[in-house]
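Student:
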Amino acid sequence: MFYGMMPWGIESEIIYCQQTAIGDVDLHNAADFLGAHESEDGHILTLQFRTMEEQTPFGIRFENVTDLEIKDKPNYHPGDKSLFYAFHSLGDGLFEFEAATMEGKLKATGVVFDVAG
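In structure tokens:
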């Protein structure tokens, strides 16, 4: 289910991606959230990030997505635009995420840490 990083624990709040091609990544404190991209068929959701220090772009891609719900959060502080708060792994392939600009819930059969470029 997890590719390119150590699997997340179930029923836990996650801000780290560990053992990736670019090392351990703290999504809240050491990365900027750039947004989300949904494939045309709606079966892939990629959350896009960039490391703050090296400016390395990367994505966390959810595959075979079903039950996708994303809500924009229009009342965020402009200085918080790039903040990502956490993922929540709920078990059975269910995930929630929260950023300053949006939040979502989905079911997926695969999670991929993908370094761009």
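Numbered per numbering that gives the first Met the number 0, the sequence shown spans residues 0 to 116.
No residue lacks a Cβ here, since even glycine has one placed at the ideal position from N, Cα and C.
Taking the alpha carbon of ILE69 as the point to measure from, which residue in LEU44, ASP91 and ASP113 has its own alpha carbon closest?
Tutor: Nearest C-alpha to ILE69: LEU44.
Student: On the DSSP bridge list, what partners appear for SER88?
Tutor: DSSP lists SER11 and PHE94 as partners of SER88.
Student: If you drop the 5 nearest sequence neighbours on each side, which residues of the same chain put their C-beta closer than 6 Å to that of PHE1?
Tutor: Cβ within range, chain order: VAL110.
Student: Comparing alpha-carbon positions, which option in CYS16, LEU46 and GLU39 lies nearest GLU97?
Tutor: That would be LEU46, whose Cα lies nearest to the Cα of GLU97.
Student: Do THR92 and LYS106 have their C-beta atoms within less than 8 Å of each other?
Tutor: Here residue 92 is Gly; the residue named in the question, Thr, does not match the sequence. Closer than 8 Å, so yes.
Student: Please state if the CB of GLY8 and the CB of SER88 are separated by a distance shorter than 8 Å.
Tutor: Against a cut-off of 8 Å, the Cβ pair of GLY8 and SER88 comes out as a contact.
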